[in-house]
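Numbering (our numbering), first residue to last: 272 to 655. Using N, Cα and C, we set each Cβ at its ideal position, and we do this for glycine too. Working notes, beginning with the structure itself.
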């Protein structure tokens, strides 16, 4: 499983030109993408420095490295805050809205949950290299998690993407590999390289999807610990939709074990007309259909959400239908507006794109008032 081959710093000409029968747009069509999230934690707690040295040292026994890494994982990732948004309640008329704020994770987003889970799995299974395609947040989380585990991290980024978190990825020792394709094509290419060169494949929709779903399921467990039951609904911003699918599986597990009285309705929000999960739901389709790549245009606001091919979209769509949930679009203007409202009324600086789930929840309430109950919204951090 180990690889000593050094990949080229930039790969051009060999990357995919089609995916699922769709022609990928030329690199010249890509716009600079700035997802805007920034980390809340740049260094480890000093008390964990000894654990970091052990976990990252390949000369140490594997058992000791895994134990040290688990200490870092448990200390730094998850157990994020759940706070009641009383001012949002007053403004919208929707009672008992709780904000699950993922900004307390090392990268400032929920992506650390799957990054650390997969780095630990890679370490346990004897890999020395992790590969992933990204446009921003996930790459930063994966670079940090890999560094803590003493693993090499290869991050495949479309050539024309100017993701604002690339310097951070490099700071943590990741190697950036530019690929002449879009994000979806980069994922496909990263998977191919992982199989060919025996890297650990940390991409969504790959062999390790079960680990990702389980890691996101921890969000459900944390909400249950706070509320002592499932909320009426949980609203989540969706892109590849792995997060929503994982949270659903977490609540499904709690319900089956008799811990909760119900499974919450799953609510998905994404950029207006630019996500297959939302579009499939609005059409009443049984499965997601790829959107036209040439119709997708990213902006500095919607970039974390847009996808013409939602990799775990069918899992999320099934979860929405199974719970009688719903999905809705959110415009850039509305996402910026709600990020401002949350900052001013609730004191949280959030990534505008992460408000898409909240917008989907509130828009439904405005159309058909929801019953008085408890509702949870997942948000991620943005530095002011």
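Item to check | Pick from 481, 426, 492 and 480 that is closest to residue 460, judged by C-alpha positions | outcome: 426
Next on the checklist: From the DSSP secondary-structure annotation, give me the bridge partner or partners of residue 472.
Outcome noted: 402
Checklist entry - Considering only C-alpha positions, which residue in the set 588, 428, 457 and 608 is nearest to residue 556? => result 588
Item to check | Every unbroken beta strand (DSSP E) inside the region 469-530 [3 residues or more] | outcome: 504-508
Checklist entry - In chain order, what residues of the same chain lie with their CB nearer than 6 Å to the CB of residue 517, ignoring the 5 residues before and after it? => result 484, 487 and 488
Next on the checklist: So, does the region 528-541 touch the region 403-423, judging by three or more C-beta pairs under 8 Å?
Outcome noted: no
Checklist entry - Under 7 Å from any heavy atom of the ligand MN, does the C-beta of residue 530 make it? => result Among the components of this structure there are no ligands whatsoever, and the ligand MN is therefore not found.
Checklist entry - Do you know how far the Cα of residue 373 is from the Cα of residue 491? => result 13 Å
Next on the checklist: Please list the terminal residues of the continuous beta strand (DSSP E) segment that includes residue 372.
Outcome noted: 368-372
Checklist entry - DSSP puts residue 447 in a beta bridge; with which residues? => result 426
Checklist entry - For the beta strand (DSSP E) that residue 553 lies in, which residues bound it at each end? => result Not the beta strand (DSSP E): residue 553 falls in the alpha helix (DSSP H), residues 547-554.
Item to check | Cβ shell of residue 344 (< 7 Å), same chain only, five flanking positions each side left out | outcome: 387 and 391
Next on the checklist: With a threshold of 8 Å on Cβ separation, who are the neighbours of residue 595 within its own chain once the five nearest residues in sequence on each side are excluded?
Outcome noted: 536
Next on the checklist: So, for residue 360: in the same chain, excluding its five sequence neighbours on each side, which residues have a beta-carbon less than 8 Å away from its beta-carbon?
Outcome noted: 366, 367 and 368
Next on the checklist: Buried or exposed, going by whether 16 or more other CB atoms sit within 10 Å of the CB of residue 378?
Outcome noted: buried
Next on the checklist: Rounded to whole angstroms, what is the Cα-Cα separation between residue 437 and residue 530?
Outcome noted: 42 Å
Next on the checklist: According to DSSP, simplified to helix, strand and coil, what is residue 410?
Outcome noted: helix
Next on the checklist: Going by DSSP in three states, residue 353 sits in which element: helix, strand or coil?
Outcome noted: strand
Checklist entry - Does the region 541-551 touch the region 564-582, meaning 3 or more C-beta pairs lie closer than 8 Å? => result yes
Next on the checklist: Going by DSSP, what residue range makes up the alpha helix (DSSP H) through residue 536?
Outcome noted: No alpha helix (DSSP H) holds residue 536; the beta strand (DSSP E) holding it covers 536-542.
Next on the checklist: Output needed for residue 327: all residues of its chain with C-beta closer than 6 Å, excluding positions within five of it in sequence on either side, in chain order.
Outcome noted: 421
Checklist entry - Along the chain, which unbroken stretches of the beta strand (DSSP E) at least 3 residues long are found entirely within the region 588-637? => result 597-601
Checklist entry - Run through DSSP, which three-state label would residue 365 get? => result coil
Checklist entry - Under 8 Å, do residue 546 and residue 510 count as touching if we go by C-beta distance? => result yes
Checklist entry - Taking DSSP as the reference, what is the three-state secondary structure of residue 577? => result coil
Checklist entry - What is the DSSP secondary structure of residue 562, counted as helix, strand or coil? => result coil
Checklist entry - Going by DSSP, which residues form a beta bridge with residue 646? => result 368 and 504
Item to check | Cα-Cα separation between residue 644 and residue 493, rounded to whole angstroms | outcome: 19 Å
Checklist entry - Starting from residue 438 and walking both ways along the alpha helix (DSSP H), at which residues does that stretch end? => result 437-442
Checklist entry - Cβ of residue 383 within 8 Å of Cβ of residue 414? => result no
Next on the checklist: Along the chain, where does the alpha helix (DSSP H) containing residue 389 start, and where does it finish?
Outcome noted: 382-395
Checklist entry - On the three-state DSSP scale, how would you describe residue 312? => result Because residue 312 sits at a pLDDT of 43, beneath the cut-off of 50, its placement in the model cannot be relied upon, and the following sentence gives the value as read from the coordinates. Residue state, collapsed to three classes: coil.
Checklist entry - residue 609: which of 632, 598 and 592 sits nearest, CA to CA? => result 632
Checklist entry - Can you name, in chain order, every residue of its own chain whose Cβ lies under 6 Å from the Cβ of residue 446, other than the five neighbours on each side? => result 425
Next on the checklist: Under 8 Å, with one C-beta from each stretch per pair, do the region 346-362 and the region 457-474 reach the 3-pair mark?
Outcome noted: no
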